[in-house]
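Residue numbers (the numbering used here): 40 to 175.
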């Protein structure tokens with residue numbers, strides 16, 4: 040008798056069990072753009088950060104040989120222990136003298152002579168002389 044009473048009680052509750060999860064899902068399988076937009080923005084931000092880090096690492100990777108005059112200039116500058124201001128001055132000197140590759144200043148001692156300095160670099164004559172002594 041006990042089992043039949045239990046079975047009847049379960050069957051009576053069947054309609055309540057049937058509607059149990061109705062309020063959990065709004066529109067099934069459909070997502071609004073407003074709900075997904077923060078995730079898309081976050082994903083784009085993470086992708087941009089990864090892209091920037093990879094470009095920075097590739098830019099500063101001096102271990103792989105390549106045909107990049109700017110990278111050669113940076114590598115030679117690093118070998119000589121030059122700071123950014125010295126590198127900038129050497130680039131200006133190479134540009135003013137019309138060198139195709141800025142690294143040419145490292146193999147041309149005559150570029151540092153005071154009488155050959157362009158007008159825009161006359162103010163930096165003392166620093167250029169120091170660089171010549173350091174490099175040659």
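In this text, a Cβ means the ideal position worked out from N, Cα and C, and glycines have one as well.
Is residue 124 buried or exposed, if buried means 16 or more other CB atoms sit within 10 Å of its CB?
Residue 124 comes out exposed.
Looking at residue 133: is its Cβ nearer than 8 Å to the Cβ of residue 159?
no
Quick check on DSSP: helix, strand or coil for residue 69?
coil
Whole-angstrom C-beta distance between residue 153 and residue 164, which should lie under 8 Å:
6 Å
Look at residue 128 and residue 166 and say whether their C-beta atoms are less than 8 Å apart.
yes
Report the three-state DSSP secondary structure of residue 138 (helix, strand or coil).
coil
What would DSSP say about residue 93, mapped onto helix, strand or coil?
helix
In the DSSP assignment, the alpha helix (DSSP H) including residue 150 goes from what residue to what residue?
Counting along the chain, residue 150 falls outside any alpha helix (DSSP H), and DSSP gives it neither H nor E.
Going by the beta-carbon positions, is the gap between residue 149 and residue 155 smaller than 8 Å?
yes
According to the neighbour-count rule (16 or more other Cβ atoms, all chains shown, within 10 Å of its Cβ), is residue 175 buried or exposed?
exposed
If you follow the alpha helix (DSSP H) that residue 110 is part of, which residue opens it and which one closes it?
Taken as a continuous stretch (DSSP letters only), the alpha helix (DSSP H) holding residue 110 covers 108-119.
Here's a check: name, in chain order, each residue in its chain whose Cβ is nearer than 8 Å to the Cβ of residue 168, leaving out the five neighbours to either side.
151, 153
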